[in-house]
Amino acid sequence: MAGRDGKVIGVISAKGGVGKTAVALNLSLSLMRDFGKKVLAIDAHTISPNMSLYLGIIDVIPPGLLYALRDPEVAGESVYIHSSTGLHLLSGSLTSVKEVDLSNLGEVVNSLRGDYDFIIIDTAPSLGDSLRHILKACDQVLLVVNPWLPIVVTNLKAIKIAEEMKTPLKVVLNKVGRSREEMSVKEVEDSLGHRVAATIPVDLEIYRGVEERKPVMLSNPRSPGSSAIRKLAKMLVSEV
Ligand SMILES: Nc1ncnc2c1ncn2[C@@H]1O[C@H](COP(=O)(O)OP(=O)(O)OP(=O)(O)O)[C@@H](O)[C@H]1O
Ligand SMILES: [Mg+2]
């Protein structure tokens with residue numbers, strides 16, 4: 000199966016709860032189902048790797064990412080295949096409380112990219128070493144923000160670090176339309192000095208999908224949130 004040249008895309012933010020996992024997971028599913036791409040999702044939020052929970056995997060899955068980081072050359076042996084969606088997944092541990100060093104993440108993705116069209120990496124909110132390791136491993140990152148001042152302002156630091164590391168970045172504005180007081184797209188763009196590449200509305204179906212452990216892209220593929228994430232997937236596919 001080698002011979003592909005997987006694009007490695009990180010989903011980052013300096014802030015928690017902005018929708019990184021919802022975007023990373025549903026984007027992965029859309030790339031697979033709507034665009035026929037072979038996708039590996041890496042849950043590199045090693046403190047609370049929620050992707051498997053959001054997928055409804057309730058039995059404990061092997062912490063494949065930890066094995067892969069230990070021995071990147073054979074990372075493929077640790078990939079878990081989710082039976083009902085077919086999504087390939089490398090996840091941290093749901094139970095271990097040990098801090099995980101992501102400095103080998105670049106080696107892990109390089110050993111796997113030949114097997115995939117896209118490698119999507121979900122991440123923890125960070126402005127520290129783990130963010131730098133992720134930026135180094137990725138071909139580009141999606142910076143997820145919400146149209147709220149503290150989130151936008153804190154993410155100026157994430158942009159600064161991505162620019163230092165020379166990793167291309169797209170701003171994804173999630174949870175749009177929650178209140179009249181929120182920032183407009185233009186205000187977000189002016190504050191960040193980057194144009195907004197994709198907007199995703201606040202959508203109860205995304206929230207419901209998480210709570211019911213049935214990702215919205217599968218349970219309600221036509222909801223406004225799903226459509227917006229599919230549009231983002233289409234943009235990424237068109238760039239390859
Ligand atoms: N567009 C949206 N509309 C409505 N709810 C959303 C939307 N995006 C995310 N959510 C909800 O917001 C909450 C946080 O989402 P998510 O877990 O994806 O954030 P996160 O950035 O990954 O958080 P963490 O930093 O803790 O990993 C979840 O309850 C999710 O269902
Ligand atoms: Mg998350």
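Quick note: the sequence shown, position 77, residue 76 per numbering that gives the first Met the number 0, numbers continuous. C-beta: ideal position from N, C-alpha, C; glycine also.
With residue i and residue j assumed to form a contact (beta carbons below 8 angstroms), what rounded beta-carbon distance in angstroms separates them?
i: Ala43; j: Leu93; result: Contact flag wrong, Cβ pair sits at about 14 angstroms.
i: Val171; j: Pro146; result: Between Pro146 and Val171 the Cβ distance is about 12 angstroms, and since that is not below 8 angstroms, they are no contact.
i: Ala13; j: Ala197; result: With 8 angstroms as the limit, Ala13 and Ala197 do not qualify as a contact, their Cβ atoms being about 18 angstroms apart.
i: Glu204; j: Ser222; result: 4 angstroms
i: Ser90; j: Met50; result: 6 angstroms
i: Arg212; j: Gly55; result: 4 angstroms
When burial is assigned at 16 or more other CB atoms within 10 Å of the CB, is residue i buried or exposed?
i: Val59; result: exposed
i: Pro167; result: exposed
i: Met234; result: exposed
i: Ser178; result: exposed
i: Arg194; result: exposed
i: Arg69; result: exposed
i: Ile41; result: buried
i: Ser225; result: buried
i: Asp189; result: exposed
i: Pro48; result: buried
i: Pro62; result: buried
i: Asp128; result: exposed
i: Ser82; result: exposed
Kindly list the residues whose CB is nearer than 8 angstroms to the CB of residue i, restricted to its own chain and excluding five residues on each side of it in sequence; keep chain order.
i: Val144; result: Ser12, Lys14, Val17, Ile150, Val151, Asn154, Val170, Val171, Leu172, Asn173, Val187 and Leu191
i: Ile160; result: Leu126, Leu130, Arg131 and Leu134
i: Val140; result: Ile8, Gly9, Val10, Ile11, Ile133, Leu134, Ala161, Thr166, Pro167, Leu168 and Lys169
i: Ile57; result: Arg212
Please return the same chain residues whose Cβ sits closer than 6 angstroms to the Cβ of residue i, not counting the five positions on each side in sequence.
i: Ala227; result: Ile199
i: Asp138; result: Lys6 and Val7
i: Gly240; result: Shown here, the chain extends from 0 to 239; a query on residue 240 therefore has no answer.
i: Tyr66; result: Ser77
i: Ala23; result: Val10, Ile119 and Asp121
i: Gly105; result: Lys135 and Ala136
Please list, in chain order, all residues of the same chain as residue i whose beta carbon is under 7 angstroms from its beta carbon, the five residues on each side excluded.
i: Thr122; result: Gly9, Val10, Ile11, Lys19, Ala43, His44 and Ile133
i: Arg3; result: Lys37, Gly113, Asp114, Tyr115 and Asp116
i: Glu163; result: none
i: Leu26; result: Ile119, Ile228, Leu231 and Ala232
i: Val108; result: Val7, Ile118 and Ala136
i: Ile80; result: His87
i: Ser29; result: Met216, Ile228, Arg229 and Ala232
Is there contact here, the region 74 to 82 with the region 153 to 173, by at least three beta-carbon pairs under 8 angstroms? no
Between the region 105 to 116 and the region 22 to 37, can you find at least three pairs of beta-carbon atoms closer than 8 angstroms? yes
Inside the region 128 to 203 only - beta strand (DSSP E) runs reaching at least 3 residues: Contiguous beta strand (DSSP E) elements confined to the region 128 to 203 occur at 139 to 144, 168 to 175 and 195 to 200, taking only those with 3 or more residues.
Ranges of the alpha helix (DSSP H) found wholly within the region 24 to 106, counting only runs of at least 4: 50 to 53 and 63 to 69
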